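For my numbering, count along the sequence shown from 1 and bump the result up by 485. Beta carbons are placed, not taken as given, at the ideal position from N, Cα and C, and that holds for glycine. Quantities reported herein were computed from a predicted structural model and do not represent experimental measurements. In what follows, a single structure is set out as C-alpha cells and then discussed.
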Amino acid sequence: MSSRMPDGSASAAAHLYLREEQMRQAYEALLLAWRSLNAECDTILRENGLGSAHHRILFLVSSHENITPSVLLERLGITKQSLGRALNDLKERQMIEQGYDANDRRLRPLRLTEKGLQIEQRLFRLIRGVMTNAYREAGVSAVEGFRRVLAPLQENSEGKIG
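Okay, structure coming up:
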C-alpha cells in the first residue's frame, strides 16, 4: 500500500513551509535568536565599552587567522568609515594589532592581542553555551537541517554578516 495521499496532497503538504505565514515566523525566529545571542554578550561588551560592531570584528578576526581589513569589510557588509572607526577603537584599546604580509606588503593582516583574545573567548563561551543547549534540545537531524537552511542564506549575502 502506498503512503502517498490522493490528489497530490503529499506534495501540497510538503510545501506548507513555503507559505507566507511560515516564512514570516521563520524570519522572526532568526531575528529573535540573533537578539538572544547578542543579549548574552551585552554585559561583557558594556564592561569593556564595546558595541556589536566591535564584537563582530573580534569574532571574525579570531575565527579567520590573518584576515585583512578588505575581507573583513566584505564579510561585515558595512561602510569603510564604520569599519575604520571600530578597528581604530579596537587598536587604541590594544585588542587588535595590524601587521604586514610577508609576501605582499600592501596586505595588512589583523590579529587579536592577548587582551582581545581574552574578551573574544569570554564572549564566544557565552554564545557556544546557548547554541550547545539549543543543539542538544533540537537533536542531530535538526542541527543538520538548520545548517542546510543557513547555507544558501549565507551565499545570498555574499558572506556578509551583521
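query, result
"When the Cα of I581 is compared with those of L597, A511 and L522, which residue comes out closest?", "L597"
"May I ask you to report which of helix, strand or coil DSSP gives R633?", "helix"
"Determine which residues share a DSSP beta bridge with E582 and list them.", "R596"
"Could you say which of L595, I563 and L503 lies nearest to D586 if we only look at CA atoms?", "L595"
"With a threshold of 8 Å, are at least 3 pairs of Cβ atoms found where one atom belongs to the stretch 543-562 and the other to the stretch 513-525?", "no"
"So what's G569 in DSSP terms, helix, strand or just coil?", "helix"
"Tell me the rounded alpha-carbon separation between L522 and L503.", "26 Å"
"Taking the alpha carbon of E532 as the reference point, which residue from L561, L608, R633 and G630 has its own alpha carbon closest?", "L608"
"Go ahead and label R560 buried or exposed: buried means 16 or more other beta carbons lie within 10 angstroms of its beta carbon, across all protein chains shown.", "buried"
"Going by beta-carbon coordinates alone, are R593 and P554 separated by less than 9 Å?", "yes"
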